[in-house]
Amino acid sequence: MVGEEKMCVRKRLSKSDENLEESEEERNSSEESLETPSNGQIDIKQLIAKKIQLTAEAEELKPFFMKEVGSHFDDFVTNLIEKSASLDNGGCAVTTFSVLKGENNHRAKDLRAPPEHGKIFVVRQSLLELVLEFSLISYAFGKLSIVMWTWWTMFLCTLSIPYFLFQRWARGYSKSSHPVIYSLFHCLLFMVFQMGILGLGPTYVVLAYTLPPASRCIVIFEQIRLIMKAHSFVRENVPRVLNSAKKKSRTVPVPTVNQYLYFLFAPTLIYRDNYPRTPTVRWSYVAMQFAQVLGCLFYVYYIFERLCVPLFRNIKQEPFSARVLVLCVFNSILPGVLILLLIFFAFLHCWLNAFAEMLRFGDRMFYKDWWNSTSYSNYYRTWNVVVHDWLYYYAYKDFLWVFTKKFRAAAMLAVFAVSAVVHEYALALCLNFFYPVLFVLFMFFGMAFNFVVNDSRKRPIWNVMMWTSLFAGNGVILCFYSQEWYARQHCPLKNPTFLDYIQPRSWTCRYMF
91 MVGEEKMCVR KRLSKSDENL EESEEERNSS EESLETPSNG QIDIKQLIAK KIQLTAEAEE
151 LKPFFMKEVG SHFDDFVTNL IEKSASLDNG GCAVTTFSVL KGENNHRAKD LRAPPEHGKI
211 FVVRQSLLEL VLEFSLISYA FGKLSIVMWT WWTMFLCTLS IPYFLFQRWA RGYSKSSHPV
271 IYSLFHCLLF MVFQMGILGL GPTYVVLAYT LPPASRCIVI FEQIRLIMKA HSFVRENVPR
331 VLNSAKKKSR TVPVPTVNQY LYFLFAPTLI YRDNYPRTPT VRWSYVAMQF AQVLGCLFYV
391 YYIFERLCVP LFRNIKQEPF SARVLVLCVF NSILPGVLIL LLIFFAFLHC WLNAFAEMLR
451 FGDRMFYKDW WNSTSYSNYY RTWNVVVHDW LYYYAYKDFL WVFTKKFRAA AMLAVFAVSA
511 VVHEYALALC LNFFYPVLFV LFMFFGMAFN FVVNDSRKRP IWNVMMWTSL FAGNGVILCF
571 YSQEWYARQH CPLKNPTFLD YIQPRSWTCR YMF
C-alpha cells in the first residue's frame with residue numbers, strides 16, 4: 091500500500107515535470123528565433139539579458155513547484171497515517187515476546203497532518219489499553235518442572251542434613267573426650283552443607299539450565315530462605331545444648347522433626363519450639379490472599395508491558411548520554427514505584443498472611459508503618475520485619491557479642507555489607523548479568539542516609555525527603571537494569587570473556603552494529 095502511494099506521488103511529480111519541459115521548449119524556440127550576427131558570434135549583452143530572463147522565469151515557477159510538491163507530500167503522509175492505523179487495528183501490534191526473542195521492533199512515530207488540515211480521526215488504541223497476551227509471563231515462568239524438582243531437592247536436604255548433624259552433635263557432645271574438636275568437626279560439615287549443597291547446587295542449576303528470570307527468582311529466593319532458616323535452627327539450639335551440658339543434665343534438648351518441619355514453612359526466620367497459634371483456619375481468607383497475589387502479578391506484568399517495554403526496547407538506536415540517562419530515570423520512576431508497592435503488598439502481606447493462616451501462625455507483624463518513617467533507620471526496621479529480625483539477632487548482635495559493644499558502627503556496617511552482597515547476588519543471578527547498581531545504592535547511599543537521616547529526625551519534611559529518595563532510587567534501579575537487560579538481548583557477543591560478563595553492555599550496545 092505504501093508503494094502504491096509512492097507511485098501516485100511520482101506520477102503527479104512527473105506531470106509537473108512535463109509542464110516545466112514544455113515551458114522550457116517554448117523558451118528555446120523563442121531563443122532560436124532571435125537573430126544572430128552574420129559572423130556566428132553571440133552578443134555578450136544579449137546573452138546576459140537571456141540569463142536574466144531565465145532567472146526571472148525560474149523565480150516565478152519556484153512557488154508553484156514547491157506548492158505542488160508540498161500538497162502531494164501532505165496527501166501522501168495523510169494516506170500513510172490512515173494505512174498505518176488500519177494495520178495497527180488489524181492485529182499487527184508488536185509483542186514483548188518478539189522483543190525477548192531478539193527481533194527488531196521500533197517505536198512508532200507520531201505522524202501528524204499539517205495544522206491547516208485540522209485534526210484527523212483514525213482508528214487506534216489507547217496507550218494503557220488492557221493487553222491479554224501473556225507471552226511475557228509464560229516466558230518469565232518457563233521451565234517450571236526444573237524449578238519444582240530443584241526446590242524439592244533443596245527442601246529435602248534442608249529438612250534432613252542440618253537436623254541430622256545437630257542431633258548427632260547434641261547427643262555426643264557431653265560424651266566426647268574432646269568436645270571442642272568434636273564441635274568444630276560438625277560445624278565444618280554444616281558449613282559445607284550451607285555453602286556447597288545449598289549454596290552451589292541451586293546456582294549451578296540456574297546457570298546450567300538457563301532458567302528464565304522469574305523461575306530463577308523462585309530458586310534463588312528459596313535458596314536464601316532455606317540457608318537463613320537452617321542457620322537460625324542451629325544458632326538457637328546450640329546454646330541450649332551447651333547450657334544443658336554445663337548443668338550436667340541427663341536430657342538433651344533436641345527439637346522434634348515436626349517442630350523443625352513447621353519452622354521451615356512458618357513465615358518467620360527466627361526458630362522457636364512453639365509459636366502463638368490461632369484456633370482455626372479461615373480457608374476463604376487463604377483463597378483471597380492467593381487471589382490477590384495473582385492480581386498483583388498480573389498488574390506487574392501490565393506495567394512492564396505498557397510502561398517499560400516501549401521505553402527500553404529501542405535502546406540500541408539511542409546514543410548513551412547524560413540527557414538520555416536522566417530522561418530514562420524520570421520515565422522509570424512511576425513504574426518503579428508501582429512495582430515496589432505491588433511486590434511489598436503481594437509478598438509481605440498476601441503471601442505471608444496466607445501461609446500464616448494455613449499454619450495458624452499467630453504473630454503476623456511482617457511489616458510496620460514504614461510509609462510514615464521520617465528516618466532511614468526506622469524505614470529499614472519497619473519495611474521487612476521478617477528479614478530485619480534475622481539480621482538484627484544473627485548479624486548485628488552476634489557481631490557485638492564477638493567484638494564487644496564498642497563497635498556498634500562497625501556492626502552496623504557489617505550488616506549493611508551482608509545485606510548489600512546478598513541483594514546483589516540474587517539480582518545478578520536472576521537477571522543473568524552483573525551490574526552492581528543496587529549494591530552501590532544500598533551500600534553507599536543507603537548507609538549514608540542511615541547515619542545522616544537517623545531517628546533524631548522527627549519532622550514531616552523528612553518523610554517527604556524519604557519518599558522522594560525512594561522514588562528516585564527505584565527509578566534509577568529500573569532504568570539501569572532494564573537498559574542493561576535489553577542491551578544484552580540486542581547486542582550479544584559471539585565469544586564473550588570474563589570481562590564481558592561484568593562490563594555494562596548498555597554503554598556500548600549501539601556502537602557494536
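When we follow this note's numbering, the leftmost residue of the sequence shown carries the number 91, and every step to the right adds one. Heads up, the beta-carbon is just placed ideally off N, CA and C, and yes, glycines get one too.
- In the three-state DSSP reduction, residue 547 falls in the coil class, being neither helix nor strand.
- About 6 Å separates the beta carbons of residue 469 and residue 556, which is inside the 8 Å limit, making them a contact pair.
- Taking 4 residues as the shortest admissible run, the region 284-366 contains the following complete alpha helix (DSSP H) segments, listed from N- to C-terminal end: 291-298, 303-336, 347-355.
- Of all alpha-carbon atoms in 474, 590, 465, the one lying nearest the alpha-carbon of residue 553 is that of 465.
- Residue pairing of residue 420 in beta bridges, as defined by DSSP: absent, with no partner found.
- The beta carbons of residue 240 and residue 328 sit no closer together than 8 Å.
- Secondary structure at residue 451: strand, using DSSP grouped into helix, strand and coil.
- Just measuring C-alpha positions, the residue of 462, 541, 395 sitting nearest residue 223 is 395.
- Residue 319 is classed as buried because its beta carbon has at least 16 other beta carbons within 10 Å across all chains shown.
- Straight-line measurement puts the Cα of residue 427 at about 8 Å from the Cα of residue 560.
- Each of 383, 486, 422, 380 was checked against the Cα of residue 399, and the nearest Cα belongs to 422.
- The alpha helix (DSSP H) runs of length 4 or more contained entirely in the region 531-580 are, from start to end of the chain, 537-542, 550-580.
- By the C-beta density criterion, residue 574 is buried, having at least 16 other C-beta atoms within 10 angstroms.
- Fully contained in the region 204-282 is no beta strand (DSSP E) run of length 3 or more.
- For residue 472, the enclosing alpha helix (DSSP H) starts and ends at 466-473.
- Around the beta carbon of residue 598, fewer than 16 other beta carbons sit within 10 angstroms, so the residue counts as exposed.
- Contact between residue 359 and residue 248 does not hold, since the beta-carbon distance rounds to 13 Å and is not under 8 Å.
- Residue 356 is classed as buried because its beta carbon has at least 16 other beta carbons within 10 Å across all chains shown.
- Counted as a single uninterrupted DSSP element, the alpha helix (DSSP H) harbouring residue 379 occupies residues 373-393.
- In the three-state scheme derived from DSSP, where H, G and I count as helix and E and B as strand, residue 461 is classed as helix.
- Judged by beta-carbon spacing, residue 299 lies beyond the 8 Å limit of residue 326, meaning their Cβ atoms are not closer than that value.
- By the Cβ-count criterion, residue 462 is exposed, with fewer than 16 other Cβ atoms from all chains shown falling within 10 Å of its own Cβ.
- For the pair residue 491 and residue 499, the Cα-to-Cα distance works out to about 14 Å.
- Residue 511 has its alpha-carbon roughly 31 Å from the corresponding atom of residue 363.
- By the criterion of at least three beta-carbon pairs nearer than 8 Å, the region 339-347 is in contact with the region 256-271.
- Residue 276 sits buried, since 16 or more C-beta atoms from the chains shown fall within 10 Å of its C-beta.
- Bounds of any alpha helix (DSSP H) do not take in residue 441, whose DSSP letter is neither H nor E.
- Taking residue 567 as reference, the option from 147, 416, 374 with the minimal CA-CA separation is 416.
- Your pair residue 444 and residue 380 checks out as a contact, with CB atoms roughly 6 Å apart and the cut at 8 Å.
- Boundaries cannot be given for residue 595, as no alpha helix (DSSP H) includes it and DSSP labels it neither H nor E.
- Excluding five sequence positions before and after residue 481, the CB atoms of its chain that fall closer than 6 Å to its own CB belong to 505, given in chain order.
- DSSP places residue 509 inside the alpha helix (DSSP H), whose first and last residues are 498-521.
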